[in-house]
Amino acid sequence: MTPGCIDRRRNDASEGSVDCDPGPPLIAHRGFAAEHPENTVAAVEAATAVVDRIELDVRRCGTGELVAFHDATLGRVTDAAGRVDETPRERLAGLSVEGSGEPVPTLAAALDAVPADAWVLLDVKERGIAADALAVAAGRDHGLAVTADDPAVIEAVRAADPAVETVYGVRESVPARFLRPLIPGGSAGAGLPEWAYPPQDVRAMVETATRLGCAAVSPRYELCLRTDIVSHARDAGLRVLPWTVDSVREYEAVAAAGVDAVVSDVSRGPRET
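Using numbering that gives the first Met the number 0, the first residue of the sequence shown is number 0, and each one after it goes up by one.
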């Protein structure tokens, strides 16, 4: 995956232009979760109509199938309660994600909606499912990479298929996560005062990604703005894919930091915050 057009429409000759946006491309986080019911077939279809990179979450449900779903529990995005890993597939198929009428899809159904010329980043949310996720994705024409914040999941992917690119997901330390929302401007990252951001061991993050054989590191985007993780990753030969951006200011800030692509909840017009 290399930087290029953010928007499919900007690379469509029928629109009268083949110019690419010079900024890093967008990866549609859960199918642009701020604009569509996250991780649904409808979100995949809508997001891949405008970008050619998409991120989807993966969990196992109570009857064993893999589903596209982020949380361990159902309550945030559906009207149901309980754990995903205790809920039968049939029950998930009858739920409505964010009141949209879209059900929780199997991973297979979500991937069936991805165009052949797109690239998919699967975020594997639990141990013990990496090989099965690769098996579901096998034989499809679109590109594939797997991300996780758990080194054991990355190792399982590498063991199942060393040819699949892996991306190590990292976030700030607990003190930084706690302090940032309490500081005016802190939730936007770009405006966080230097003194308010505890030191982060980004060298260890990059070293872990390298040890795991990853092709890229995916940091919480504030790390790209408040630390030298981008330069450390560059020195290690890793791409940098920060998450999760949802404003013009955040996009422009991480783009200026020299990242390779941006994991975003919004598409061409990120809302201001």
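In this text, a Cβ means the ideal position worked out from N, Cα and C, and glycines have one as well.
At a Cβ-Cβ threshold of 8 Å, ILE53 and VAL262 do not count as neighbours. Here the C-alpha atom of THR146 lies approximately 6 Å from the C-alpha atom of LEU121. Between VAL103 and VAL43, the alpha-carbon positions lie close to 12 Å from each other. Taking each of SER172, GLY168 and LEU110 in turn and checking the Cα distance to ALA41, the smallest one comes out for LEU110.
Nearest neighbour of ALA112 by Cα position, chosen from THR86, ILE128, LEU94 and HIS141, turns out to be HIS141. Taking C-beta atoms as the reference points, THR77 and LEU65 fail to come closer than 8 Å. Under the three-state reduction of DSSP, ALA232 is assigned to helix. When DSSP states are grouped into helix, strand and coil, ASP149 belongs to the coil group.
In the DSSP assignment, VAL43 falls outside any beta strand (DSSP E) and within the unbroken alpha helix (DSSP H) covering 40–46.
Burial state of ALA46 is buried, judged by a 10 Å Cβ sphere holding 16 or more other Cβ atoms.
Sorting TYR167, VAL83 and VAL163 by C-alpha distance to the C-alpha of ILE228 places TYR167 at the top.
Within the same chain, Cβ atoms closer than 6 Å to the Cβ of ARG157 are found at GLY212, the five residues on either side in sequence being excluded. With a contact defined as Cβ atoms closer than 8 Å, PRO198 and CYS223 miss out at about 16 Å.
According to DSSP, residue pairing for PRO218 in a beta bridge involves VAL169. Rounded to whole angstroms, the Cβ separation of GLY61 and PRO87 is 5 Å, and the two are in contact under 8 Å. Note: ALA208 is not bridge-paired with any residue in the DSSP secondary-structure output. Counting only the Cα atoms, ASP200 lies some 10 Å from GLU206. PHE31 sits buried, since 16 or more C-beta atoms from the chains shown fall within 10 Å of its C-beta. Comparing alpha carbon positions, the residue from ALA159, GLU89 and VAL239 closest to ARG170 is VAL239.
By the 16-neighbour rule on beta-carbons within 10 angstroms, ASP245 is buried. Assigned with DSSP and collapsed to three states, ALA67 falls in coil, not helix or strand. The beta carbon of ALA115 is closer than 7 Å to those of ASP140 and HIS141 in its chain, skipping five residues each way along the sequence. The beta-carbon separation of LEU73 and GLY81, rounded to 6 Å, stays under the 8 Å limit for a contact. Distance from the CA of PRO180 to the CA of GLY138, rounded to the nearest whole angstrom, comes to 43 Å. The beta-carbon separation of VAL57 and LEU133, rounded to 10 Å, does not stay under the 8 Å limit for a contact.
With contacts defined as CB atoms closer than 8 Å, ARG225 and TYR196 qualify as a contacting pair. DSSP links SER246 through a beta bridge to no other residue.
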